[in-house]
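The structure appears below as structure tokens.
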Amino acid sequence: MGLDVSMDTWSFFCTCLVSAWLRRFYIYSAVAFGISIWIVVRFFTTRKKITEHGEKSNRNPAASEGREDKLVNGYATLQAKEVCVAGVKIFYGSQTGTAKRFAKGLAEAVISLNLPVEVISMGDYDPDDCLAEEATGRNVCVFLVATYTDGQPTESAAWFCKWLEEAANDFRFGKMYLKGLRYAVFGLGNSVYVDHYNTVGRNMDRWLWMLSASRIMTRAEGDCNVAQSKHGSIEADFEAWKAKFLSRLQALCRGEKKPCSGKCKKGKCKSAGKQSKESWDHEHGASEYEDTEAEELFETSSEEEAAADAEETGGTSSVIDVEDLGNIMSHMKKAKRERELEAGDVGTSLARENTGRKEEGEKREMITLALREALTKQGYKLIGSHSGVKLCRWTKSMLRGRGGCYKHTFYGIESHRCMEATPSLACANKCVFCWRHHTNPVGTEWRWKMDQPEMILQEAIENHQNMIKQFKGVSGVKADRFEEAMTAKHCALSLVGEPIMYPEINRFVKLLHQRSISSFLVTNAQFPDEIRNLEPVTQLYVSVDASTKESLKRIDRPLFKDFWQRFLDSLKALSEKQQRTVYRLTLVKAWNVDELKAYADLISLGKPDFIEVKGVTYCGESSASSLTMANVPWHEEVVRFVQELADLIPDYEIACEHEHSNCLLIAHKKFKINGEWCTWINYGRFQELVREHERSGGSKTFTAADYTAKTPRWALFGSRERGFDPSDVRYQRKNKARDLSGC
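For what it's worth, the numbering used here labels the leading residue of the sequence shown as 583, then goes sequentially.
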């Protein structure tokens, strides 16, 4: 009986298995459907939790800055996360108070998001010291800037904008100077003034972009003209922008990727996906008032600052050499030549021009439109058709009590009262370490129109004073030095080019002396006759960049075929001068630092009073030069070279040092009087002597020994200060990438 039951059970079980196997497709489908239902339910449950958590984060974005939420089995766990936004800094430049009011309103809105905020007037902020630090922080910088009369910034923002413009066009800062800085710009203007509408906001946006700062959103423009304002008033324009900004800020706090990298061509965002260009431009791109010509400057990159390096000089038409300036026989040829110049082509050589063409009746101006544009961007104030003036960074430094240049240490000049100028932008060399990367013209003789020295000097002084005026009220500037700086006491004719090429250089120097301005003139040792004919100057420099013919050719790249003989003749002419003379040696590592004996021979030839030895300053990459940071010697290497050189010239000793400029001074022993160095200059006595010389028609001469002054202890080689004036306070730049020396 029991066996029959077991057999029936087994038969039933087998029947079920066979039936299930035959219907296995339906079973699999049912199981799959059940699993699908479970996954869908699970998905929506998880999504709801994430959404609820995200809404809480939106209400308090700052509270979630330091953590990341991760779901594990439906529950949120906390993980450490990098802070996306540490705070907001709001910079404003205001004249009537509108931008300031907007800044305070925006600050209150940011505070409501539990984010730290700081409101800063541009007039109280020193961008030279502080702005680069924002690139390494996690702040978002907002710039609220108004456009004032004639498209200029307001008084409080003038210096900030001036600094930013020069930094954007000065290759020494580098294209990546502000990389990492996140910013947004809101401009305030009035479209009634069509030619100048919101130019300050546009320019600031462009300059920041050129320094690789990143926009978090596209520039916006508020319009005081209610008839044209997008939202009916400038206040409404600002409120609309503020809402977008706060939304964007919240997104950044959540770590969302920004839609604009700030690297779009010409600074304009490109369309995303299938979005139309018009709608993208409206939300993210250029303003409807955008000036097309101004936007073209976005393609420019970022002396003290060659030929084909258009990026570094502001465009393809910025590099102009005299080889490009042939004498044109007809208007057709002239027009063709201009096109070649603007295309950056290097045409007929000087030699061919001199032998194959007759000069035109009317000479051309040295400064072409393209050259004027390039040099103006680099901070020059151009004068007439061939001269210029520029504010040296040491002038700015001494205005703030941060020390002067090496000329202050070696010779006692007052750096804040020194005007750096040139009556000739042209030069006869193409040195590998050229400050300007050869954006200035070159030539072997004067073949341009000539301005009168009276006009050049008057405008140079006026432009210099106007640049000094921009420091009025700037943070850190000493009031007494600002007042002193308004009256130039020294003139360094070493800005760029070859000042001695100017045919009226003697008249120009006399005019300086008539105004009691000392003269420091630098020449590149290619014009021996001009050196011999030069009237007395306070101090005459000759650049001795190499000691052999081969190395001079490689470093200075002179235009003259007989450059070496001219070089030697210039040194001989220097030995005949009775006033103070200086050799200026620029050490280029791996190029000329191993030529000690040859340098000693050149010193015996020119018999200079002083020898300045300075390590080359790297001026950035350029197609005009193969120089790199590897060619810049350390200060200790310069000291070692100078010590070895001094051992080879028994009539000289090391006198002074300026560590900050990587520069040392070797002086003739005749300036060591009663055991004390007298390398400084008695400027008042020099002016007396030069006036007596002129009154006598040149018959009454004087020598360098007649206007010496005692050198202070802190300026001497081996002193604890290493050439830094203890009456000032040395400023150490944070995160300094390179030496931005301007001398």
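Every residue, glycine too, gets a C-beta built ideally from N, C-alpha and C. Computed from a prediction, not measured in an experiment: that's the story for all the values here.
Helix or strand or just coil, what does DSSP make of residue i?
i                 : result
asparagine 721    : strand
alanine 1291      : strand
glutamate 894     : Only weak support exists for where glutamate 894 lies, its pLDDT of 34 falling under 50; the value from the coordinates is given anyway. Three-state result, glutamate 894: helix.
cysteine 1073     : strand
isoleucine 949    : coil
threonine 597     : helix
lysine 1154       : helix
glutamine 1121    : strand
phenylalanine 684 : helix
tyrosine 993      : helix
lysine 1254       : strand
leucine 1184      : helix
leucine 1007      : coil
tryptophan 1030   : strand
serine 1100       : strand
serine 618        : helix
isoleucine 693    : helix
tyrosine 759      : coil
Less than 8 Å between the C-beta atoms of residue i and residue j, yes or no?
i                 : j              : result
lysine 682        : cysteine 723   : no
valine 1104       : tyrosine 1123  : yes
leucine 1156      : glycine 1188   : yes
glycine 985       : aspartate 706  : no
valine 1164       : proline 1190   : yes
glycine 961       : lysine 978     : no
cysteine 1245     : threonine 1293 : no
phenylalanine 755 : leucine 793    : yes
arginine 836      : isoleucine 798 : no
phenylalanine 820 : glycine 804    : yes
serine 676        : serine 738     : yes
leucine 746       : alanine 795    : no
leucine 1077      : serine 1101    : no
alanine 1008      : glycine 1079   : yes
For the beta strand (DSSP E) holding residue i, just list the boundary residues, first then last.
i                  : result
alanine 1237       : 1234 to 1240
cysteine 1245      : 1245 to 1250
isoleucine 965     : 963 to 965
glutamate 1002     : 1000 to 1004
glutamate 700      : 699 to 703
arginine 605       : Here arginine 605 belongs to no beta strand (DSSP E), and DSSP marks it neither H nor E.
phenylalanine 1192 : 1192 to 1197
threonine 1163     : 1162 to 1169
glycine 970        : 969 to 972
Please classify residue i as buried or exposed, where buried requires at least 16 other C-beta atoms within 10 Å of its C-beta.
i                  : result
lysine 1135        : exposed
glycine 1279       : exposed
glutamine 1160     : exposed
phenylalanine 1053 : buried
glutamate 875      : A caution first: glutamate 875 carries a pLDDT of 31, below 50, which makes its placement in the model unreliable, though a value can still be read off. Exposed: under 16 other Cβ atoms inside 10 Å.
alanine 612        : exposed
serine 1326        : Residue 1326 lies beyond the residue range present for the chain, which begins at 583 and ends at 1325; the question has no answer from this structure.
glutamate 1239     : buried
methionine 1037    : exposed
glutamate 838      : exposed
arginine 558       : The requested residue 558 does not occur in the structure, where the chain is confined to residues 583 to 1325.
methionine 914     : With a pLDDT of 42 at methionine 914, under the threshold of 50, the modelled position of that residue is not reliable, and the figure given next carries that caveat. Counting Cβ neighbours within 10 Å, methionine 914 comes out exposed, since fewer than 16 surround it.
tryptophan 620     : exposed
cysteine 596       : exposed
asparagine 1115    : exposed
proline 698        : exposed
Let's see if you can read the secondary structure: which residues bound the alpha helix (DSSP H) around residue i?
i              : result
isoleucine 816 : 816 to 835
alanine 750    : 740 to 750
cysteine 806   : Neither: cysteine 806 is in no alpha helix (DSSP H) and is coded neither H nor E.
valine 1224    : 1217 to 1230
isoleucine 538 : Nothing about residue 538 can be reported from this structure: the residues present for the chain run from 583 to 1325 only.
tyrosine 1265  : 1265 to 1277
Out of the options, point me to the one whose CA is closest to residue i's CA.
i              : options                           : result
aspartate 1151 : Asn1106, Ala685, Thr1026          : Asn1106
leucine 834    : Phe1149, Gly669, Thr597           : Gly669
tyrosine 1313  : Lys1254, Asp710, Ala1042          : Asp710
tyrosine 765   : Ala691, Asn721, Ile621            : Asn721
aspartate 1144 : Cys1000, Ala740, Thr1026          : Thr1026
glycine 966    : Lys959, Trp976, Arg954            : Arg954
tryptophan 823 : Ala1008, Leu697, Leu688           : Leu688
lysine 1092    : Gly814, Phe992, Gln1269           : Gln1269
serine 1129    : Leu1141, Gln1147, His778, Pro1118 : Gln1147
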